[in-house]
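J.: Let me give you the structure first, and then I'll get to my questions.
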Amino acid sequence: MVMRVTLTIHSLDGGGAERVMASLASRLADRGHAVSLITLDDGMRDRYPVNSAVRRLPLHTMTADSGRLRRLLSRGARLCRLRRAIRATAPDVVLSFCDAMNVLTLLATWGMRVPVVVSERSDPAAQPLPTLKRRLRPRLYRRAADVIVLTRSAADTVAPWCRQPPRVIPSAIDMPPTIESASRAAPESTFRSLAEPRRYRLLAVGRLAPEKGFDRLIDAFSLIAARQPAWDLEIHGEGDQRELLAAQITEQGLTDRIRLAGWTQPIWPALHAADLFVLSSLYEGFPSALLEAMAAGLACVATDCPSGPREIIRSGIDGVLVPPDDPAELAAGLERLMSDEAERRRLGGAARGVTERFGWDAMTDAYVETLQQAMGGPSAGAVGK
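Offset between the sequence shown (1-based) and the numbering used here: plus 1000.
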């Protein structure tokens, strides 16, 4: 059954949810579906390309408005513009990604006879939302034709808000390129000079935001830096915390050992050049960065935060889980692997199995099935024209 599918998300400006949305849009189009992709931003900062067959509709509504009245007017205009854009695409079904966007999409489609499927992309128990959206979410989710989550723990959280049990569909991971092709794509600075003494690289990847726990990671690295003088830490990503993290690195006296590398795309060359990967998050959805690191054959240390890492890593088998929000425990987990190259190799070899456990074909099949079933069921918000 060919579908007219309209996808909504705030932007494609980096992040795991954005990566999955862009790839899913392209794969749906590859299967012959008519796909429209609506974003709230202007589309000028897209970091993930989409198939040329995907109709791209940026709304230009993500502006920083000051003053309560201006914010209210801006939000009202955003909602109206989103509603008009969705109606203009004449969809058979709408799929929204991310909590705040889910609320907006369900409001925008109120009264339209179109089923809406929403997908939570983080831990709904931990992800902060503005008060109004937090209160609206449980009520609006009952109007959704279906709710998709990434993990079983997220399903437990949202189940009371849904009119039927939520579906658990984990994110997928792309197959990594060969080391040779990744090397050709790498910037010169990514790889060590053969003339330099052997140094080892601990890699972290993610948006520079509080929930990623990079401040805890810097604290953890500072605890072991003197005992592990051959190791350096690279953090790849951009975000609002860059200045704070840079100041913390300077304060710790680690400017020669820790580097904020900025946004890196593709990430594979940096992964192939690394010796160990760390995920320090306080909470997650289903971390794409961790999946990519494991697919590249890196030994990984991850915090056992809600939710996601424990559904990806089997601790001691293909990675190591440590308690979240605890720099000392994180440091201990890292140091064990820094000091044991054989164990890093064993864990990294086993980690490659994620490409079989979390494949794109299975994920796309699950989304297609969900969307087609939603089309056959009651429409979200069908309360009149």
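Quick reminder that beta carbons are idealized off the backbone N, C-alpha and C, glycines included.
Cβ of Leu1279 within 7 Å of Cβ of Pro1269?
T.: In this structure, Pro1269 does not lie closer than 7 Å to Leu1279 by Cβ.
J.: Between which two residues does the beta strand (DSSP E) carrying Pro1058 extend?
T.: Its beta strand (DSSP E) spans residues Arg1055 to Pro1058.
J.: Could you say if the stretch 1123-1137 and the stretch 1254-1261 meet the contact criterion of at least three C-beta pairs nearer than 8 Å?
T.: Taking 8 Å as the limit for Cβ pairs, the verdict is that the stretch 1254-1261 does not touch the stretch 1123-1137.
J.: Might you give, ordered along the chain, the residues of its own chain that have their beta carbon closer than 7 Å to the beta carbon of Arg1019, omitting 5 neighbours on each side?
T.: Tyr1048 and Ser1288
J.: Cα separation between Gln1248 and Gly1319?
T.: The alpha-carbon atoms of Gln1248 and Gly1319 are separated by roughly 28 Å.
J.: In or out: Thr1006 buried (at least 16 other Cβ within 10 Å) or exposed?
T.: Per the 10 Å Cβ criterion, buried.
J.: So within the stretch 1313-1354, which uninterrupted beta strand (DSSP E) runs reach at least 3 residues, ignoring any that extend past its ends?
T.: 1320-1322
J.: Do Asp1092 and Met1375 have their C-beta atoms closer together than 7 Å?
T.: The answer is yes: Cβ separation under 7 Å.
J.: Pull up the distance between the alpha-carbon of Asp1275 and that of Leu1040, whole angstroms please.
T.: Looking at the backbone, the Cα of Asp1275 and that of Leu1040 are separated by about 38 Å.
J.: With DSSP as the reference, label His1010 as helix, strand or coil.
T.: coil
J.: Using 10 angstroms around the beta-carbon of Arg1344, count the other beta-carbons present and answer buried if the total reaches 16, otherwise exposed.
T.: buried
J.: What does the alpha-carbon distance come out to for the pair Pro1324 and Ala1332?
T.: 13 Å
J.: Assuming Glu1234 is part of the beta strand (DSSP E), what are its boundary residues?
T.: Per DSSP, Glu1234 belongs to the beta strand (DSSP E) from Trp1231 to His1236.
J.: Out of Asp1365, Leu1271 and Ile1173, point me to the one whose CA is closest to Arg1201's CA.
T.: Leu1271
J.: Nearest to Phe1097 by alpha carbon, out of Cys1305, Glu1329, Glu1211 and Gly1285?
T.: Gly1285
J.: Suppose contacts are defined by Cβ-Cβ distances below 7 Å. Is Ala1155 in contact with Val1168 by that definition?
T.: yes
J.: Between which two residues does the beta strand (DSSP E) holding Ser1122 run?
T.: Unbroken run through Ser1122: none, as it is neither H nor E.
J.: Can you give me the C-alpha to C-alpha distance between Ile1148 and Arg1199, rounded to a whole angstrom?
T.: 43 Å
J.: Would the beta-carbon of Glu1211 fall within 7 Å of that of Tyr1283?
T.: yes
J.: How about Thr1264 and Ser1281: do their beta carbons lie closer than 7 Å?
T.: no
J.: By the DSSP assignment, the beta strand (DSSP E) with Phe1214 in it spans what residues?
T.: Run containing Phe1214: none in the beta strand (DSSP E); it sits in the alpha helix (DSSP H), Phe1214 to Ile1224.
J.: Leaving out five residues before and five after Ile1224 in sequence, what residues of the same chain have Cβ atoms less than 7 Å from its Cβ?
T.: Ala1331, Leu1334 and Glu1335
J.: Return the first residue and the last residue of the beta strand (DSSP E) that Arg1201 is part of.
T.: It spans Tyr1200 to Val1205 - the beta strand (DSSP E) in which Arg1201 sits, taken as one unbroken run.
J.: Is it buried or exposed, Leu1371, if we count other Cβ atoms within 10 angstroms and call 16 or more buried?
T.: buried
J.: Give the range of the alpha helix (DSSP H) segment to which Leu1291 is assigned.
T.: Ser1288 to Ala1295
J.: So for Thr1157, helix, strand or coil by DSSP?
T.: helix
J.: Give the secondary structure of Ala1088 by DSSP, where H, G and I count as helix, E and B as strand, and everything else as coil.
T.: helix
J.: Could you have a look at Leu1194 and say whether DSSP puts it in helix, strand or coil?
T.: Any reading at Leu1194 must be qualified, since the residue scores a pLDDT of 48, below 50, and its modelled position is unreliable; the value itself is stated next. DSSP places Leu1194 in coil when its eight states are reduced to three.
J.: Taking the alpha carbon of Ala1230 as the point to measure from, which residue in Phe1358, Pro1327 and Ser1339 has its own alpha carbon closest?
T.: Ser1339
J.: With contact counted as at least three CB pairs below 8 Å, one residue from each stretch, are the stretch 1109-1119 and the stretch 1081-1088 in contact?
T.: Contact between the stretch 1109-1119 and the stretch 1081-1088 is present: three or more C-beta pairs spanning the two stretches fall below 8 Å.
J.: Do you know how far the Cα of Ala1017 is from the Cα of Gln1228?
T.: 35 Å
J.: Following the continuous beta strand (DSSP E) through Thr1303, name the residue where it begins and the one where it ends.
T.: Cys1300 to Thr1303
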